[in-house]
Structure formats: C-alpha cells, structure tokens
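**Student:**
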Ligand SMILES: [Zn+2]
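In the working numbering, the protein residues as written are 107 to 297.
1) Does the Cβ of residue 202 lie closer than 7 Å to at least one heavy atom of ligand 1?
2) Where does residue 167 fall in DSSP's three states?
3) If we ignore side chains and look at the alpha-carbon of each, how far apart do residue 224 and residue 217 end up?
4) Report buried or exposed for residue 194, applying the criterion of at least 16 other Cβ atoms within 10 angstroms of its Cβ.
5) Got a sec, what are the start and stop residues for the alpha helix (DSSP H) residue 139 sits in?
6) Tell me, please, whether the stretch 270-284 touches the stretch 199-207 by the rule of three or more beta-carbon pairs shorter than 8 Å.
7) Which word fits residue 236, buried or exposed, when buried means at least 16 other C-beta atoms lie within 10 angstroms of its C-beta?
8) Going by beta-carbon coordinates alone, are residue 260 and residue 210 separated by less than 8 Å?
This is the structure:
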C-alpha cells in the first residue's frame, strides 16, 4: 500500500458515508479574514483551532515560514484575491516559534540537491538568469521581525487597500499560545 492508494481508498468511504457534510461551507470566509501562516506540520490544525476558527471561516494561505517573499508572488496575490474577490476584510499574518525557516541551513539544502543529482552548473546557470539559489531558499533569523517585515510589505503594496486591518501574531506550536505582534485596528486608528 502506498500513501496515494490509502488516500483513494479512504476517500471512497468518506464520500459514501457523507462525512463531507461536517465541512459544509461557502467560498466566502465566514469570519471575513485571510490567514497567512506556516506549513509546519504542528500547525496543520492548530493554526486555526487555537484561534477559534472552524472550516469555512477563513482563507488560509500556507507556505514555508509564513513568508511573503515577493510583492508579486503567489502569497501576496492570494491576499489580494482574498480581499478583492472573496470577501476578506482583514488579514492575519501568523508566524510561529521554532520555525524550520528560522534556522534553515541553505548550504546543507544545496548539498542535498547536489547529492540527488542536481548539477552544480544548474546553480551557475540560474545565477546568470538573476536567481541566486541561496537567496531563493533563505529563511529569516527572527520570527517576530519576519512577521513585521511581511506586514510592512503589505502596507507598502501599491495594490493593497490601506483601510484593511493587518494583524501580526506568533504562535507557540506546542501550546497554541499567541503573542500579539501587531494590532491592525490600532494601526488604522493611528493613521
Ligand atoms: Zn514554520
């Protein structure tokens, strides 16, 4: 048995038993918010349950490190689409303690790529095309700083509606406890 065959077997029963009924929701997030957080396994459910959210409440965007790496990349696009096309009225950026992107060893990742057959010339070719692989893979040193940096990128984005509150949180992946890094309502009232 493979993971894929397990998935497909389980799915037949899931659908036949109408287990999907417990997850009925619409495309519009009931709590009218977009949550950007990390793909960390410990946060798979914890990232919403510890905040009091259920299926259908949010647009959830997950990536390695809850990072907005580029103002015109897919995470920023998801935030903008969430706001302008899918009814989100608030944005929550939530990093977490003990994040894999907080101490990623880029040299080690590149050595593993090489050991799996990625030719060293590929790194050079990419460099000629303006892509520094080490930069592409790099994470952050401080999760709090990373959350603040993400929020500033959103505030500075020319396509972002400055009336939308953006909140910053850091979650403990063991207990779910939150640290408030940035209160989007307070920020708006200071404008
Ligand atoms: Zn993480």
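All C-beta atoms in this analysis are idealised placements derived from N, C-alpha and C, irrespective of residue type, glycine included.
**Tutor:** Once the coordinates are examined:
1) Counted from its first residue, the chain shown places residue 202 at position 96. Under cutoff, so the answer is yes.
2) The sequence position of residue 167 within the chain shown is 61, counting from 1. Residue state, collapsed to three classes: strand.
3) Here residue 224 refers to the residue found at position 118 when the chain shown is read from its first residue. Here residue 217 refers to the residue found at position 111 when the chain shown is read from its first residue. Cα-Cα distance, rounded: 9 Å.
4) By 1-based counting over the chain shown, the position of residue 194 is 88. By the 10 Å Cβ count, residue 194 comes out buried.
5) By 1-based counting over the chain shown, the position of residue 139 is 33. Where residue 139 is concerned, there is no enclosing alpha helix (DSSP H), although the beta strand (DSSP E) it sits in stretches over 139-144.
6) yes
7) Residue numbering aside, residue 236 sits at position 130 when the chain shown is read from its first letter. Exposed is the call here.
8) Here the question's residue 260 lines up with position 154 in the chain shown. Here the question's residue 210 lines up with position 104 in the chain shown. Taking 8 Å as the Cβ cut-off, residue 260 and residue 210 do not qualify as a contacting pair.
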